Amino acid sequence: MSEQKAGTSLYAVKVTGGQERNAALMLADKVQVDKLPIAAILAPAELKGYIIVEASTPHAVEELIRGMKHTRERVQGIIEPSEVDHYLETRPVVEGLEAGVLVEVVAGPFKGMQARVMRVDEAKEEVTIEILEASFTLPITVHADYVREVKGV
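For the sequence shown, the numbering used here begins at 431 and goes up steadily by one.
Have a look at this one:
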């Protein structure tokens, strides 16, 4: 986060657990519509129940979350950029995916379907999956961004 804009600070916003991404998308839409002075909105998957907003003042964050669904409150205080740096590390898309892992398709024509990874091509960042809900087995190759590992199965 060394590229933080001059005069801005990071603030945490408490949101409904599991709705971090939805809340961030709705807040981003509100920023564009209302032309609010918000520099960035970060919703790391590893940080449950919170999103991080980069803004010039805490009042801008309060204005942003006022009346918005899934948002609770702004956490008091400012977050140091060093605290969120580890959420910004780039990792290979196929990291953690291997043959036999259960995944959910998150984009494309098979969105929302459960599948099992058959093969991983790390060079092309593609995975070959088999849709579990299909009546017959048909291997499909998709980009690794299109699947998300199902946790707790």
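Glycine included, every Cβ here is placed at the ideal spot set by N, Cα and C. Every value quoted in this text rests on a predicted model; they were computed, and no experiment measured them.
Cβ separation of residue i and residue j, assumed to be a contact under 8 Å, to the nearest whole Å
{"i": "residue 514", "j": "residue 443", "result": "The Cβ separation is near 13 Å, so there is no contact."}
{"i": "residue 471", "j": "residue 454", "result": "5 Å"}
{"i": "residue 502", "j": "residue 488", "result": "The Cβ separation is near 15 Å, so there is no contact."}
DSSP-derived helix/strand/coil call for residue i
{"i": "residue 495", "result": "helix"}
{"i": "residue 463", "result": "helix"}
{"i": "residue 518", "result": "helix"}
{"i": "residue 475", "result": "coil"}
{"i": "residue 484", "result": "strand"}
{"i": "residue 543", "result": "coil"}
{"i": "residue 440", "result": "strand"}
{"i": "residue 469", "result": "strand"}
{"i": "residue 563", "result": "coil"}
{"i": "residue 532", "result": "strand"}
Neighbourhood of residue i by C-beta, 7 Å cutoff - its chain only, sequence neighbours within 5 removed
{"i": "residue 447", "result": "478 and 479"}
{"i": "residue 451", "result": "473"}
C-beta neighbour in chain D for residue i, strict 8 Å
{"i": "residue 540", "result": "Absent from the structure is chain D; it holds one protein chain and no more."}
Same chain, Cβ closer than 6 Å to residue i, five either side skipped, listed in chain order
{"i": "residue 555", "result": "523, 524 and 574"}
{"i": "residue 440", "result": "482, 484 and 509"}
{"i": "residue 558", "result": "548, 549, 569 and 571"}
{"i": "residue 437", "result": "486"}
Counterpart residues of residue i in DSSP-defined beta bridges
{"i": "residue 551", "result": "556"}
{"i": "residue 504", "result": "443"}
{"i": "residue 569", "result": "560"}
Near the ligand COA: residue i beta-carbon under 7 Å from a heavy atom
{"i": "residue 483", "result": "With respect to small molecules bound, the structure shown includes none, and the ligand COA cannot be examined in it."}
Same chain, Cβ closer than 8 Å to residue i, neighbours up to 5 away in sequence not counted
{"i": "residue 459", "result": "none"}
{"i": "residue 498", "result": "453, 456, 457 and 460"}
{"i": "residue 546", "result": "530, 531, 532, 533, 559, 560 and 562"}
Taking contact to mean at least 3 C-beta pairs separated by less than 8 Å, is the region 518-536 in contact with the region 569-576?
yes
Inspect the CB distances between the region 546-562 and the region 525-538 and report whether three or more fall short of 8 Å.
yes
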